Amino acid sequence: SAVISQKPSRDICQRGTSLTIQCQVDSQVTMMFWYRQQPGQSLTLIATANQGSEATYESGFVIDKFPISRPNLTFSTLTVSNMSPEDSSIYLCSATTGGPNIQYFGAGTRLSVL
Amino acid sequence: GQNIDQPTEMTATEGAIVQINCTYQTSGFNGLFWYQQHAGEAPTFLSYNVLDGLEEKGRFSSFLSRSKGYSYLLLKELQMKDSASYLCGGAGGGNKLTFGTGTQLKVEL
Chain A
37 SAVISQKPSR
47 DICQRGTSLT
57 IQCQVDSQVT
67 MMFWYRQQPG
77 QSLTLIATAN
87 QGSEATYESG
97 FVIDKFPISR
107 PNLTFSTLTV
117 SNMSPEDSSI
127 YLCSATTGGP
137 NIQYFGAGTR
147 LSVL
Chain B
2 GQNIDQPTEM
12 TATEGAIVQI
22 NCTYQTSGFN
32 GLFWYQQHAG
42 EAPTFLSYNV
52 LDGLEEKGRF
62 SSFLSRSKGY
72 SYLLLKELQM
82 KDSASYLCGG
92 AGGGNKLTFG
102 TGTQLKVEL
C-alpha cells in the first residue's frame, strides 16, 4: 500500500487567482493521478501525472487550466488556474504501487472559490 | 471509453446482508475495483477483481462476470459504520479508473 499526503486540506480563494495542490507519497509509485469530485458526486479523472514529461489529460481538461508537475516518483502538484466559482470542488491525488495497480487516495483538498 | 452504472442509494438493516450491483461497458478491461468513501474522507480500497468469480475479504466480498459486464459488492453482518458511499471503478488502458456515480448506503437499526 501507499500513504498519500495532500496539502492544503482546504482553502478558500478569490476568483481569478490560482492554487497549487501538493501530493506526496511515502514510497516509490508507478503512476499518479489527479481527480475532481463535485459535491455529492463521484470522482472524475483530470489527468495522469507522468514523471519527467507532460501530464496526460482527459477530455474536458486542459493544461492551461490545470497544469501538473511530477518532478520525481513520489511527488506531484496540480494547479487550478484563474479560478472561478465553478472550480469549487474536492481535488484528490491517487497513486499506484504496481502489482494489481490498486489506486490509493489522498484525503483531498476542499476548494471553495468566491 | 468506459461506462459504469450502479444504484444511487440503498438502505439496509444492521446485521443484514446487502448486495450492491455494478454494470460496466469498457473498450479495454484491466480489472474492477470497489472503494468505500465516508463523507468528507478519501476513498479507501475494498476489493479488486480481474478474473471471473468471487473474492472474499472478511465481511466484504466482490464478484465479477466479464462476459456479462457485471460485478457486485456483498456486505455481510452490516454495521452502522458501513453507512458510506460505495464506488465501483473500472480500469481501462493506462490503468485509469472510471468510477460510477457511487451507491450511498444507509444502514439503519
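If you're matching them up, the sequences are chains A and B in order.
Per the working numbering, numbering of the first sequence is gapless, rising by one per residue and ending at 150.
Per the working numbering, numbering of the second sequence is gapless, rising by one per residue and ending at 110.
Beta carbons are placed, not taken as given, at the ideal position from N, Cα and C, and that holds for glycine.
What you are looking at is a predicted structure, and each value in this text was computed from that prediction instead of being measured.
Check: Within the 9 Å Cβ cut-off, does E42(B) reach chain A?; Outcome: yes
Check: If we cut at 9 Å on Cβ distances, does Y127(A) have a partner in chain B?; Outcome: no
Check: Using CA atoms only, rank isn't needed, just tell me which of Y36(B), Y71(B), F61(B) and L79(B) is closest to Q26(B).; Outcome: Y71(B)
Check: Using a beta-carbon distance cut-off of less than 7 Å, what residues from the segment 130 to 149 of chain A approach chain B?; Outcome: T132, P136, N137, I138, Q139, Y140, F141, G142, A143 and G144
Check: Any idea if S125(A) is buried or exposed, counting beta-carbon neighbours within 10 angstroms, 16 or more meaning buried?; Outcome: buried
Check: Using the Cα positions of Q38(B) and D83(B), report the straight-line distance between them to the nearest angstrom.; Outcome: 10 Å
Check: Could you work out which residues of chain A lie near A13(B), taking near to mean beta carbons separated by less than 9 Å?; Outcome: None at all; the shortest Cβ gap to chain A is about 20 Å.
Check: Residues in the same chain with beta-carbon distance under 7 Å from Q87(A), minus the five sequence neighbours each way, listed in chain order, please.; Outcome: R106, N108 and L109
Check: Can you tell me where the beta strand (DSSP E) with E109(B) in it begins and where it stops?; Outcome: T104 to E109
Check: Buried or exposed for G91(B), please, with buried defined as at least 16 other CB atoms from any protein chain shown within 10 angstroms of its CB.; Outcome: buried
Check: Check L96(B) in the structure and name its three-state DSSP category.; Outcome: In the sequence as presented, Leu is not what sits at residue 96(B); that position holds Asn. It is helical.
Check: Pick helix, strand or coil for D83(B), following the three-state DSSP scheme.; Outcome: helix
Check: For the segment 71 to 144 of chain A, list the beta strand (DSSP E) runs that are entirely contained and at least 3 residues long, ordered along the chain.; Outcome: 79 to 85, 104 to 108, 111 to 116, 125 to 132 and 139 to 141
Check: Helix, strand or coil, according to DSSP, for Q64(A) in the structure here?; Outcome: coil
Check: Applying the 10 Å Cβ sphere with the 16-neighbour rule, what's the burial state of A91(A)?; Outcome: buried
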